[in-house]
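Worksheet for the structure shown next.
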Amino acid sequence: MRHLKPVLFTFAVLFGATAIGAYKLGFEFYPPGTYTDEGVYARHDSAFMARCGKARITSLIGDPIGSADWPRCRRILDHYGTTWQFMLRHNAVAVLTGLSLLALIGFIRQTMTARPPPKVIRGRKHLAGRTARRALQSLSKRECRRSGSGLEFPPGIPISRDRESRHFLIWGSTGAGKTTAMLHLMLQAIERGDKVLVLDVKGDMTSKLPRIGNIIAPHDARSLQWDIATDCQTPQEARELAARLIPESRSDRIWSDAAREILTACVISLQVRHGRGWGWTDLRKLVVADADALLGIAESYHPEAIQFLKEPSSKTTQSIISTFKAHMNVVSVLAEAWPNSSRGRSFSVRDWLRHPSCHPIVLQHDGRFPQLTKAWLSGIIGLLASHAASPAMKENPARRTWLFLDEFPQLERLPHFSTLLDVGRSKGISVVLGAQDLSQIRNTYGHDQADAWIGMIGTHIITRMNLGQSAETTSRLIGQQTVEFYRKSETRSGGQISTSWTKEREVRPVITPSELSDRLGAFKQGVRALLIGPGEHAYEITLPYPQLSELRPASVLADWTTRPARELAPLPDAPNSFLTSILSPEVAQRIRNTFSREHDT
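Heads up: the sequence shown at position 537 corresponds to 1311 in the numbering used here, and the numbers run straight through without jumps.
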């Protein structure tokens, strides 16, 4: 019923226009006609046709002038044999005019009797379609006048440079179109020549992104080697690296904290002895050492770790060393994957941030090696956040460096990431985070930190949310609105029905959880998402699917990932060595002699 008014209005206009066209064609341009005795086709005069048409209509309603004029017109038409042509044209115009009048009367009646639409008098409005685009275009013009035009989002509507620097958060359920929304920003940033770093979770960025500079992934044969010596030059950076490679213990932090201090001692020893000339292989040689060797390293380079190693026979020290060794398999694998990281084809976060421009860098996630991937990714991004937040990196709002971090909550907790969001704006760093649910961020960083991020990030893009707690939380976060509407009531008196409208107010969600599930997400026309940040309202937009073809394989496995264990730890040369007795010959002979004496007795 809500679409009845526009339908009636459309029919009224269409039938009216068709009636006018039929009149013009049938009575003015091609009036009725017949052949003369000379064989010439002659038509009636258009003025005569208009007079006859008017006389016909007015005669039907009893007008005396029309009633007197129509018989004369009829005699002339009958004389020339064109009455049927006239009546065909007349009836067609009359029917079309009548239909147009009926639709118009219906439209007027609906306008007068329909309930007035609800009116939002307080809070956000949920704008969609052309209304949303017009509102966004108006906001865009105002913002771009102040700080200049930036990328377009949604397509055709530029966002300001200032809004670019205030970061983006995209969240929604699996398959809801988060990657599509991220690609719209990513492709434009690459096309503009901005510095771009991408976290690729599914492999599609690696295979389809144009102009990829390099891939960073220990499991991929095409990967650059992470130059850890360049990125980790100070004792504090050594502590940051240790915190990324050794996750916090869930039961008691003392074990992870102590293990981190031991790793910090190993890294500082390499910094002091080799400067920038060491790599993952050198670090592996230290971390596999025994407790006495680790104690010597701590005594020489990092006294804070001595207390955890000075009593190697104690259960506490043994537990600490066990925790430390358990996490050093990551270092061993990285040493296997990146044996020459300090030279050759290498990548450094520090150098990448300082470089004026370069092609996109892809950090590739691999679900086959979840612990390894989480460790090295958290290490790179954590050190990047530390370098970017450092005063050593000068402020430059005109510069633009993009970090596209899809499935961000899968990384380890990054303590300095909040500083990056806060300080990155003045240094030209724009962060685009992707998550399936805000609760993932809250679980990793805590409710207070997550809520602070929500307020700190300037643009939120919400795709489909599955029904449940997540949709309800998102609905509450978007807020409520006060709506004024009219309620219809009918009363009967003396056999007659009277209708009245009562004005009422109601507080309701801007968008309900069911609407977050049903209205948003991937559709045939594109991804339908909710844009919050520009202005004061919630804008429902449609993002077309980017047309990208596969340019390269998503993954090319490195040799170490497919090398069998026999090559990594070869069997002894003697074919029957596994049958060799674990007892010495003397001990074996003593056991045999004892057995013989007991048997003789």
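Glycine included, every Cβ here is placed at the ideal spot set by N, Cα and C.
Given the structure is predicted, the values throughout are model-derived calculations rather than measurements.
DSSP-derived helix/strand/coil call for residue i
{"i": "Glu-1022", "result": "coil"}
{"i": "Arg-1142", "result": "coil"}
{"i": "Gly-807", "result": "strand"}
{"i": "Trp-1176", "result": "strand"}
{"i": "Ser-1263", "result": "strand"}
{"i": "Ser-1351", "result": "In this prediction, Ser-1351 has a pLDDT of 42, which is less than 50 and means its spatial position is unreliable; what the coordinates show is noted afterwards. Reduced to three states, the DSSP call for Ser-1351 is helix."}
{"i": "Ala-1166", "result": "coil"}
{"i": "Asn-865", "result": "helix"}
{"i": "His-1101", "result": "helix"}
{"i": "Ala-1067", "result": "helix"}
{"i": "Gly-800", "result": "helix"}
{"i": "Arg-825", "result": "helix"}
{"i": "Phe-1121", "result": "strand"}
{"i": "Ser-921", "result": "helix"}
{"i": "Ile-755", "result": "Any property of residue 755 remains undetermined from this structure, which presents the chain solely from 775 to 1375."}
{"i": "His-777", "result": "coil"}
{"i": "Leu-1195", "result": "helix"}
{"i": "Gln-1081", "result": "helix"}
{"i": "Gly-813", "result": "coil"}
Cβ distance (whole Å) where residue i is taken to contact residue j below 8 Å
{"i": "Gly-924", "j": "Arg-937", "result": "7 Å"}
{"i": "Trp-844", "j": "Ala-829", "result": "4 Å"}
{"i": "Lys-1155", "j": "Leu-1188", "result": "Per the sequence shown, the amino acid found at residue 1155 is Ile instead of Lys. Yes, Ile-1155 and Leu-1188 are in contact; Cβ-Cβ is about 6 Å, under 8 Å."}
{"i": "Leu-959", "j": "Phe-942", "result": "7 Å"}
{"i": "Ile-944", "j": "Lys-952", "result": "5 Å"}
{"i": "Ala-796", "j": "Leu-870", "result": "6 Å"}
{"i": "Phe-789", "j": "Ser-841", "result": "That pair is no contact at about 28 Å."}
{"i": "Trp-1054", "j": "Trp-1112", "result": "5 Å"}
{"i": "Ala-1245", "j": "Leu-1290", "result": "5 Å"}
{"i": "Leu-1083", "j": "Ala-1065", "result": "6 Å"}
Beta carbon of residue i nearer than 8 Å to that of residue j
{"i": "Ile-1094", "j": "Ala-1033", "result": "yes"}
{"i": "Gly-1422", "j": "Cys-1132", "result": "Outside the shown range of the chain (775 to 1375) lies residue 1422, about which nothing can therefore be said."}
{"i": "Glu-1035", "j": "Ala-1079", "result": "yes"}
{"i": "Thr-954", "j": "Leu-1317", "result": "yes"}
{"i": "Leu-971", "j": "Leu-1137", "result": "yes"}
{"i": "Arg-898", "j": "Glu-1310", "result": "yes"}
{"i": "Ala-756", "j": "Arg-1050", "result": "Because the chain spans 775 through 1375 in this model, residue 756 falls outside it and cannot be assessed."}
{"i": "Glu-1258", "j": "Pro-892", "result": "yes"}
{"i": "Gly-1048", "j": "Val-1284", "result": "According to the sequence shown, residue 1048 is His rather than Gly. No. Outside cutoff."}
{"i": "Met-1239", "j": "Ser-947", "result": "yes"}
{"i": "Ser-860", "j": "Cys-826", "result": "Residue 860 is actually Phe in this sequence, not Ser. It is a contact, given that the beta carbons lie within the stated cut-off."}
{"i": "Val-1062", "j": "Leu-1037", "result": "no"}
{"i": "Ala-1296", "j": "Ala-902", "result": "no"}
{"i": "Leu-1212", "j": "Ile-1203", "result": "no"}
{"i": "Asp-1005", "j": "Arg-1124", "result": "yes"}
{"i": "Ile-1235", "j": "Ala-1303", "result": "yes"}
{"i": "Val-1104", "j": "Leu-1185", "result": "no"}
{"i": "Asp-863", "j": "Gly-800", "result": "Checking the displayed sequence, the identity of residue 863 turns out to be Arg instead of Asp. The answer is yes: Cβ separation under 8 Å."}
{"i": "Ala-1159", "j": "His-1190", "result": "yes"}
{"i": "His-818", "j": "Thr-856", "result": "yes"}
Burial state of residue i, where buried means 16 or more other Cβ atoms lie within 10 Å
{"i": "Thr-885", "result": "exposed"}
{"i": "Ile-1315", "result": "buried"}
{"i": "Arg-1119", "result": "exposed"}
{"i": "Ile-839", "result": "exposed"}
{"i": "Trp-1052", "result": "buried"}
{"i": "Ala-1039", "result": "buried"}
{"i": "Gln-1210", "result": "buried"}
{"i": "Tyr-804", "result": "exposed"}
{"i": "His-777", "result": "exposed"}
{"i": "Gly-1232", "result": "buried"}
{"i": "Thr-1097", "result": "buried"}
{"i": "Glu-1014", "result": "buried"}
{"i": "Asp-852", "result": "exposed"}
{"i": "Leu-1353", "result": "Confidence at Leu-1353 is low in this model, with a pLDDT of 42, below 50, so its placement is unreliable and the value that follows should be read with caution. Under this definition Leu-1353 is an exposed residue."}
{"i": "Val-1281", "result": "exposed"}
{"i": "Lys-969", "result": "buried"}
CB contact check: residue i to chain C, cutoff 8 Å
{"i": "Arg-848", "result": "Among the chains of the structure shown, chain C does not appear; only one protein chain is present."}
Identified DSSP bridge partners for residue i
{"i": "Ile-1235", "result": "Ile-944, Leu-1305"}
{"i": "Arg-1279", "result": "Glu-1258"}
{"i": "Trp-1126", "result": "DSSP lists no partner for Trp-1126."}
{"i": "Arg-896", "result": "Thr-1256"}
{"i": "Pro-932", "result": "Glu-926"}
{"i": "Tyr-1313", "result": "Leu-901, Leu-1305"}
{"i": "Phe-1376", "result": "This structure cannot settle anything about residue 1376, because the visible part of the chain is limited to 775 through 1375."}
{"i": "Thr-1273", "result": "Glu-1264"}
Near the ligand MG: residue i beta-carbon under 7 Å from a heavy atom
{"i": "Glu-1022", "result": "What this structure holds is no ligand at all, so the ligand MG is not there to describe."}
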